[in-house]
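Going by the working numbering, 266 is the number at position 266 of the sequence shown; the sequence numbering is gapless.
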Amino acid sequence: MCGIVGIKANGPVSTEIYDSLIHLQHRGQDAAGIMTYDERMHATKGNGFVRDIFNDHNMLRLSGNTGIGHTRYPTHGGFSHEEVQPFWTEVPYGIALAHNGNLVNYRALAEEITGRQKRYLNTQSDTEVLLYLFSEALGKSDPVDANGGFFESVCKAVEHVFERASGAYSVVSSIVGKGLVVFRDPNGIRPLAKGIRHNPDGTLDYIFSSETTMFYALGYELAGNVLPGEVIFVSESGKYYSRRVKTVQFTPCIFEYVYFSRPDTMMNDVSVYRSRLRMGQNLAEAWLKKHPDVVPDIVIPAPSTANTAALSMAHKLGVRYSEGLYKNPFIGRTFIMPGQQQRKKSVRYKLVPQEIEIRDKKVMIVDDSIVRGTTSKEIVKMVREFGAKEVYFVSACPPVKFPCFYGVDMPTKSELIASSQDESAIEQFIGVDILMYQEISDLQEAVMRKGNHHIDRPCMACLDGNYITQDVDDDKMYEMEIMREKHRNGDDLWQWSKKS
Ligand code: SF4
1 MCGIVGIKAN
11 GPVSTEIYDS
21 LIHLQHRGQD
31 AAGIMTYDER
41 MHATKGNGFV
51 RDIFNDHNML
61 RLSGNTGIGH
71 TRYPTHGGFS
81 HEEVQPFWTE
91 VPYGIALAHN
101 GNLVNYRALA
111 EEITGRQKRY
121 LNTQSDTEVL
131 LYLFSEALGK
141 SDPVDANGGF
151 FESVCKAVEH
161 VFERASGAYS
171 VVSSIVGKGL
181 VVFRDPNGIR
191 PLAKGIRHNP
201 DGTLDYIFSS
211 ETTMFYALGY
221 ELAGNVLPGE
231 VIFVSESGKY
241 YSRRVKTVQF
251 TPCIFEYVYF
261 SRPDTMMNDV
271 SVYRSRLRMG
281 QNLAEAWLKK
291 HPDVVPDIVI
301 PAPSTANTAA
311 LSMAHKLGVR
321 YSEGLYKNPF
331 IGRTFIMPGQ
341 QQRKKSVRYK
351 LVPQEIEIRD
361 KKVMIVDDSI
371 VRGTTSKEIV
381 KMVREFGAKE
391 VYFVSACPPV
401 KFPCFYGVDM
411 PTKSELIASS
421 QDESAIEQFI
431 GVDILMYQEI
441 SDLQEAVMRK
451 GNHHIDRPCM
461 ACLDGNYITQ
471 DVDDDKMYEM
481 EIMREKHRNG
491 DDLWQWSKKS
């Protein structure tokens, strides 16, 4: 899972890209990078938090009015410095590219590029493959002039990417001497919002980003989204071009609303915060139907993503909302920390139960989702240790049964507790008196109910197994899971690829 941003402005963009990455830090804490250009490209990349990578010295190098940035949590590729985005190529023009998503057919494409086409891939990252597809097609086209003609070439190159690349990808790319290009896969699975800033001289600045979280701080107004299958080009002179080169269905990721996005984001014209409030309302209604005689004394969120749903659920149930679990804000989110050992260790470091809120009470814990079940189990254990009389556990997300191959770092199928155990077994495993999951239809309703949006239906493949790209069967799932394991372990993918 990653955060991306691209800015084309009438002044230097590096500090605005840095600020944007700070506002996208929650989407990836493993690495970050910025590339800008003036006469030539400038790059700063590194592993770790945004604030630790960039400094006065390396920011000064990032000159230019066009640039892109990326925060990374790897769903593809390893953890080395070479895998940190943006990637770039000198041919043609000088192109830098960053993306958020995951290519389902990465292996086949990489084998074709290195085999039949006899090219060299320097990394195991699908970003390099995307960059190769885009730059190769752009290099073959013949722009008639510097502006309109070049946009035609860009459209053809993106069409080529759409024909070849299956999966989820929202892309920002800067081309030296030309401008900024952005596009989104034909299903629009991963987000990409658009913002405009009006300058006093009448010119416009443009920002494209995974979330809208930095728009207010930087003075941009939300101007919609990059649509599924749409390509946008903002030229050096500030001219704006757009075209939808392929239209399928608009099926954005529902997990962005459940867990991943910051609540203040407007995602695909739906407020993430409001969708979470509605998740809580729907949960309360379901609880009243299923357990009319069970009334908790307090509703406690597993902080912080579940806070909003817990608040509206408590309100609707007429029960006190309590922040009975204090979260240390200086420890990263466990879901996006690699490795089970680290995860197990971090729950207790991260959450501290408040005994005064918990002792002798019937406690309802609301969490955004249950993935492996180990975090939920530990939370329940802590709450019991602090004297809860009864513990109920409510998940704003339905059972997560299938892995994500579209850019969210989900565990493998065998690690997902709901892939092999039913609700009563999970209830026992996490050690609660009552477990209740959100229904899929209620979650979908919570996202789709309000907002002037154009979502046809959200991607819910991790819940219902219906993979939007229609090319994930058992064999593909096996291949993708092996690849993920190899990446996690730092194994060489090519050696495995040649043997298998
Ligand atoms: Fe999002 Fe799940 Fe679809 Fe992945 S499979 S894109 S996490 S809804």
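In this text, a Cβ means the ideal position worked out from N, Cα and C, and glycines have one as well. Because the structure is a prediction, the values reported are computed rather than measured.
For residue i, the three-state DSSP class (helix, strand or coil)
i    : result
E230 : strand
N55  : coil
G177 : coil
T375 : helix
L138 : helix
E479 : helix
E587 : This structure cannot settle anything about residue 587, because the visible part of the chain is limited to 1 through 500.
M502 : Residue 502 falls outside the range modelled here, since the chain spans only 1 to 500, and no answer is possible.
V452 : The residue asked about is misnamed: residue 452 is Asn in this sequence, not Val. Residue state, collapsed to three classes: coil.
H23  : helix
L283 : helix
P97  : What sits at residue 97 in the sequence shown is Leu, not Pro. Three-state DSSP puts L97 in a strand.
Y392 : strand
K381 : helix
D126 : helix
S419 : helix
M267 : strand
L218 : helix
C155 : helix
H315 : helix
F402 : coil
V248 : coil
R40  : coil
R274 : helix
R190 : coil
L288 : helix
Y326 : strand
S304 : coil
R72  : strand
K8   : strand
Buried versus exposed call for residue i [16 or more other C-beta atoms within 10 Å across all chains shown]
i    : result
L138 : buried
Q556 : It is not possible to answer for residue 556, since the shown part of the chain is limited to 1 through 500.
Y326 : exposed
E439 : exposed
E423 : exposed
L60  : exposed
K350 : buried
F330 : exposed
R51  : exposed
Y392 : buried
D474 : exposed
S420 : exposed
Cβ neighbours of residue i in the same chain (closer than 8 Å, five flanking residues each side left out)
i    : result
F162 : D185, P186, G229, V245, K246
L277 : T308, A309, L311, S312
C462 : F255, V400, K401, F402, P403, C404, V408, M410
Any non-hydrogen atom of the ligand GTP closer than 7 Å to residue i Cβ
i    : result
A302 : With respect to the ligand GTP, the structure offers nothing, as its ligand set consists of the ligand SF4.
Sequence-distant residues of the same chain with beta carbon closer than 6 Å to residue i, five excluded per side
i    : result
F255 : V408
V182 : G6, V172, F208, V226, I232
K109 : The residue asked about is misnamed: residue 109 is Leu in this sequence, not Lys. Excluding residues within five positions, the ones whose Cβ falls inside 6 Å are V129.
R320 : I298
P525 : This structure cannot settle anything about residue 525, because the visible part of the chain is limited to 1 through 500.
E390 : K362, D433
Y241 : F151, F233
E16  : I7, L218
V272 : Y257, S261, P263, T265
Beta-carbon proximity list for residue i, same chain, < 7 Å, skipping 5 on both sides
i    : result
V447 : I254, Y257, V270, S275, P458
D442 : N282, A286
A146 : Model confidence at A146 stands at a pLDDT of 48, short of 50, so the residue's coordinates are unreliable; what they give is reported in the following sentence. Hits under 7 Å: none found.
M41  : M35, W88, G94, A96, V176
I430 : G373, S376, K377, V380, F393
E479 : R107
A306 : V366, D367, D368, A396
Closer than 8 Å to chain D by CB, residue i
i   : result
H23 : The chain inventory of the structure shown lacks chain D, comprising one protein chain alone.
Next item on the list: State whether the region 259-268 contacts the region 30-45, with contact taken as three or more CB pairs (one from each stretch) at a distance under 8 Å.
Entry: Flag = no, the region 259-268 and the region 30-45 do not touch.
Check: Which residues are close to the ligand SF4, meaning CB closer than 5 Å to any heavy atom, in chain order?
Finding: The set of residues with a C-beta under 5 Å from any non-hydrogen atom of the ligand SF4 comprises C253, I254, F255, C404, Y406, V408, C459, A461, C462, given in chain order.
Item checked: Contact the region 211-220 vs the region 149-156: 3+ CB pairs below 8 Å -> Touching, no.
Notebook entry, point to check: Should the region 5-15 be called in touch with the region 159-179, which here means at least 3 C-beta pairs below 8 Å?
Noted result: With a cut-off of 8 Å, the region 159-179 and the region 5-15 count as touching, because enough Cβ pairs lie within range.
Checklist line | Cβ contact check for the region 293-310 and the region 357-364: 3 or more pairs under 8 Å | finding: The region 293-310 makes contact with the region 357-364, as at least three CB pairs between them are under 8 Å.
Check: Does the region 196-211 come close enough to the region 113-128 to have 3 or more Cβ pairs within less than 8 Å?
Finding: No, the region 196-211 does not touch the region 113-128.
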